[in-house]
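Below: one structure, written as structure tokens.
Number of protein chains: 4
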Amino acid sequence: MTLVKGLKGKESRMRLLTIAADEFANRGFHETKVSTIVTRAGLTQPAFYLYFSNKEAIFDELVNEFRTRLRKLVQTSRFAPTVEAHDVPKQLLMTLETIFRFLAATPNITRIGLFLAPNSDQIKEELTSLLIDNLRAEQQMGHFRSELAMETVAECIVGIVERLTLSLLLPGIKGPESLALQVVNLLLYGMLANGDTSIQDS
Amino acid sequence: MTLVKGLKGKESRMRLLTIAADEFANRGFHETKVSTIVTRAGLTQPAFYLYFSNKEAIFDELVNEFRTRLRKLVQTSRFAPTVEAHDVPKQLLMTLETIFRFLAATPNITRIGLFLAPNSDQIKEELTSLLIDNLRAEQQMGHFRSELAMETVAECIVGIVERLTLSLLLPGIKGPESLALQVVNLLLYGMLANGDTSIQDS
Amino acid sequence: MTLVKGLKGKESRMRLLTIAADEFANRGFHETKVSTIVTRAGLTQPAFYLYFSNKEAIFDELVNEFRTRLRKLVQTSRFAPTVEAHDVPKQLLMTLETIFRFLAATPNITRIGLFLAPNSDQIKEELTSLLIDNLRAEQQMGHFRSELAMETVAECIVGIVERLTLSLLLPGIKGPESLALQVVNLLLYGMLANGDTSIQDS
Amino acid sequence: MTLVKGLKGKESRMRLLTIAADEFANRGFHETKVSTIVTRAGLTQPAFYLYFSNKEAIFDELVNEFRTRLRKLVQTSRFAPTVEAHDVPKQLLMTLETIFRFLAATPNITRIGLFLAPNSDQIKEELTSLLIDNLRAEQQMGHFRSELAMETVAECIVGIVERLTLSLLLPGIKGPESLALQVVNLLLYGMLANGDTSIQDS
DNA sequence: CATGAATGAGCCTTCATTCAT
DNA sequence: TATGAATGAAGGCTCATTCAT
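If you're matching them up, the sequences are chains U, X, G and R in order.
In terms of this note's numbering, the first sequence opens at residue 18 and continues consecutively.
In terms of this note's numbering, the second sequence opens at residue 18 and continues consecutively.
In terms of this note's numbering, the third sequence opens at residue 18 and continues consecutively.
In terms of this note's numbering, the fourth sequence opens at residue 18 and continues consecutively.
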């Protein structure tokens, strides 16, 4: 007999979610069949509809899980406003590490929320605007160059994060810490060997 | 009667390609129906198979068109190897401008090749490795900081380009020149207001 | 604890019957879902099968309830055989009133037994043949015109009753007494303003 | 080769309609399977959707066909306004004969439109209101008794027609002419052997 | 007396693709 | 160069019903 009433149902639901995440991440929405999910979960088709109203519903739930967790993560890791100038690199580094670690820890819903969801753009926009707030605050405190348009910078950071995630992080080629470090190094200090040339001058 | 033999056929084929690009770009592969393409082209379904062996074939043709054109573009705009240090920014700027202009000029196949194609990763890898070659050459000439791993930097640049393309360029929010300028400014000189702090120090 | 053994079960069963009648009457057999009945009754699906062997069984029980009650009613209100000529209208009036009152009193099972049951024809046939007996007796006593075929007349009366029930009685537009009166008036005296013309003459 | 372009399609469509009418009439909407219709028509399932957008669509088309034809019929057979008193029976007889003949001639769509359609009530209402117009006109010309409420009389006639159709006409037990004659006889002259008793007197 | 959990069976519908003309 | 007509293959979903507790 079951110790906790309703436990078995919760477990079936959970199994379906996990398997669905795996299927969606590796095959995409259309190539993922309800029949496959259900078979892998050791259930039959009607059981699926016991827990989710349709195929889209389970997909959306996964997308929302990613979205919610990402949002919480970014909101939590906001720069402390009283940060000293020499703390900026460390702060940025930690933020990026946190993000990369989260993305690496949940690769399936990352793929779903970041690359597969029809509304992945919204998710990224949300992330971008949270970043913009942080960046602008730093900029007004004089930590970042005033001539940089932070909306664009934020988009760049998001672009960097998503590309590195897809091609280096998720395949396991590089780890979260390594990537965070390189990104900070690139973004803060730029590529040039010496800082004496400015593009505006040319 | 047609003046040039096969002209009408060529035109039908062209129409199908153009409409397909529009449909694929705006709805994705699965949501695009052969029946819709064909109807918009003023043809019937069997006519479609006169020109393309199946739905994937027309999609692939569009992907390849993008891929080929992008490849040509990047190969052409390779950095001249004998470049002077103060030319680096201008060179990078021009390269990025060229790329953004190309992407903005053919928005439909850009969306297809960059975001929809299952092999869009390959396309980006190709772009990345071309970039790596260029960047490494510059680095060895002492123009770029030696501690930067150019494979990662190249990925970052590609990530930046694709994100800015999707969220600012294709929607027409910013133009190619403006974006190129901002990217160069960010990448070359970094974000910090003054360069006296190093992340390694922390 | 329940005072009377099995009381709770009887109540559940009753509740299911009442709700099922409502659902069947308003949606029809196929559009009525066991799940709905059960939910409205505050029970779960398996509980349903504690009381009824299947969906058809509960439907049939409702149909039979209607059938039985109708049969009793009609048998009871049989014409007294020794009726005087001037009592005929009153008798018919009372019979019709009784029927209309019964139908109006239980609208749900009326709808089910009269319009939804696949065997509603049998029910009506039964009613018809009871009517035929009565009518023929009257006819032989010289109260009704001898050239009328009472089988057909009985069908007509049943048709009138069912139509008036559906469109005027159940919606509450007219009451049982009003309808009975009009029907008697029409059936006994006919429509013609004066009786001097006969169809056979034409 | 086909003589008339598009003929084959029209024929397939027609076949589907005819077979569907037969299935619906004999089994009802839910028990009728698209697969059955299509098999009987010598086609496959997708072919069905070439001609009808779904199962309901073909059902509705049959209902509408019945509705339209019935409407036309009744509108056409309207009483001529200048009718002489002694023509009334003949007129009514002809109208009823026409209706019964129509119903008998197309038994399948009759069953569908009159007893199966969810909106069969509307259809009958429409018929009723057309009847009311006719009856009232006659009444005002003094042909029918002024104390009869023609709305109710019309309902009665419709009820008679539908019941006789179902139990005597469609099964082939009686023919249109016979039924029409009996109905007229009953409706016009009433059931009483002599007209000297009035219900109001009792 | 009742429930949590699950299933068997089946139907509608869609879409890319083809055949014959 | 094209069309009218049709199909193969498959997938999502629903519902009545049952098992084990």
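All C-beta atoms, glycine included, are put in the ideal place defined by N, C-alpha and C.
Keep in mind the model is a prediction, meaning the values are calculated, not measured.
{"Query": "For residue 209(R), the three-state DSSP class (helix, strand or coil)", "Result": "strand"}
{"Query": "Reduced DSSP secondary structure (H/G/I, E/B, other) of residue 132(U)", "Result": "helix"}
{"Query": "Proximity to residue 77(U) [Cα-Cα], best of 141(U), 134(U), 167(U) and 153(U)", "Result": "134(U)"}
{"Query": "Cα-Cα separation between residue 216(R) and residue 107(G), rounded to whole angstroms", "Result": "Annotation note: pLDDT 38 at residue 216(R) (below 50); position unreliable, coordinate value reported separately. Roughly 7 Å between the two C-alpha positions."}
{"Query": "Contacting positions in the segment 70-94 of chain X - beta carbon closer than 9 Å to chain U", "Result": "none"}
{"Query": "Separation of residue 143(U) from residue 92(U), as counted between CA atoms", "Result": "11 Å"}
{"Query": "Residue environment, residue 167(G), which counts as buried when at least 16 other CB atoms sit within 10 Å", "Result": "buried"}
{"Query": "Partners in chain U for residue 169(X), counting only beta-carbon separations shorter than 9 Å", "Result": "181, 185, 191, 195, 196, 199, 200 and 203"}
{"Query": "Within-9 Å CB hit, residue 20(G) to chain R", "Result": "A caution first: residue 20(G) carries a pLDDT of 45, below 50, which makes its placement in the model unreliable, though a value can still be read off. No, residue 20(G) does not count as interfacial toward chain R."}
{"Query": "Bridge partners - residue 161(U), DSSP secondary structure assignment", "Result": "209(X)"}
{"Query": "For residue 206(R), the nearest candidate out of 176(R), 44(R), 162(R) and 169(R) (CA to CA)", "Result": "162(R)"}
{"Query": "Any 3 or more C-beta pairs closer than 8 Å across the segment 144-158 of chain X and the segment 66-74 of chain X", "Result": "no"}
{"Query": "CB contact flag (residue 41(G), residue 129(G), <9 Å)", "Result": "yes"}
{"Query": "Extent of the continuous alpha helix (DSSP H) run through residue 54(U)", "Result": "51-57"}
{"Query": "7 Å CB neighbourhood of residue 19(R) in its chain, flanking five on each side removed", "Result": "Confidence at residue 19(R) is low in this model, with a pLDDT of 48, below 50, so its placement is unreliable and the value that follows should be read with caution. For residue 19(R), where only same-chain residues beyond five positions count, the Cβ hits under 7 Å are 25."}
{"Query": "Short-range partners of chain U found in the segment 109-140 of chain X, where Cβ spacing is below 8 Å", "Result": "110 and 138"}
{"Query": "Residue 210(U) versus residue 102(X): straight-line alpha-carbon distance, rounded", "Result": "10 Å"}
{"Query": "Contact between the segment 188-202 of chain U and the segment 105-120 of chain U (3+ Cβ pairs under 8 Å)", "Result": "yes"}
{"Query": "Reference residue 192(U), options 29(U), 61(U) and 122(U), closest by Cα", "Result": "122(U)"}
{"Query": "Of the residues 36(X), 75(X), 45(X) and 79(X), the one placed nearest residue 56(X), counting alpha carbons only", "Result": "36(X)"}
{"Query": "Local Cβ density within 10 Å of residue 52(U), reported as buried at 16 or more and exposed below that", "Result": "exposed"}
{"Query": "N- and C-terminal bounds of the alpha helix (DSSP H) containing residue 190(X)", "Result": "Residue 190(X) -> no alpha helix (DSSP H), and no H or E assigned at all."}
{"Query": "Boundaries of the alpha helix (DSSP H) in which residue 182(G) is found, first to last residue", "Result": "No alpha helix (DSSP H) holds residue 182(G); DSSP gives it neither H nor E."}
{"Query": "Outcome for residue 59(G) when other beta-carbon atoms lying within 10 angstroms are tallied against a minimum of 16", "Result": "exposed"}
{"Query": "Any C-beta of chain R under 9 Å from that of residue 175(G)", "Result": "yes"}
{"Query": "Residues of the segment 31-64 of chain U with Cβ closer than 7 Å to any Cβ of chain X, in chain order", "Result": "47"}
{"Query": "9 Å Cβ cutoff, residue 143(G) in contact with chain R", "Result": "no"}
{"Query": "Identity of the residue in 188(R), 127(R) and 54(R) nearest residue 75(R) by Cα", "Result": "54(R)"}
{"Query": "Counted within 10 angstroms of its Cβ, other Cβ atoms place residue 48(G) as buried (16 or more) or exposed", "Result": "exposed"}
{"Query": "Close Cβ partners of residue 126(R) (< 7 Å) along its chain, the five nearest in sequence each way excluded", "Result": "38, 79, 82 and 83"}
{"Query": "Positions along the segment 147-169 of chain G whose CB lies within less than 7 Å of some CB in chain R", "Result": "159, 160, 161, 162, 165, 166 and 169"}
{"Query": "Under 7 Å from the C-beta of residue 172(U): neighbouring residues of chain X", "Result": "180, 181, 184 and 185"}
{"Query": "N- and C-terminal bounds of the alpha helix (DSSP H) containing residue 93(U)", "Result": "72-93"}
{"Query": "Pair within 9 Å by beta-carbon distance, residue 196(G) and residue 175(G)", "Result": "no"}
{"Query": "Pair within 9 Å by beta-carbon distance, residue 178(R) and residue 132(R)", "Result": "no"}
{"Query": "Closest residue to residue 171(X) among 94(U), 181(U) and 45(U) (Cα-Cα distance)", "Result": "181(U)"}
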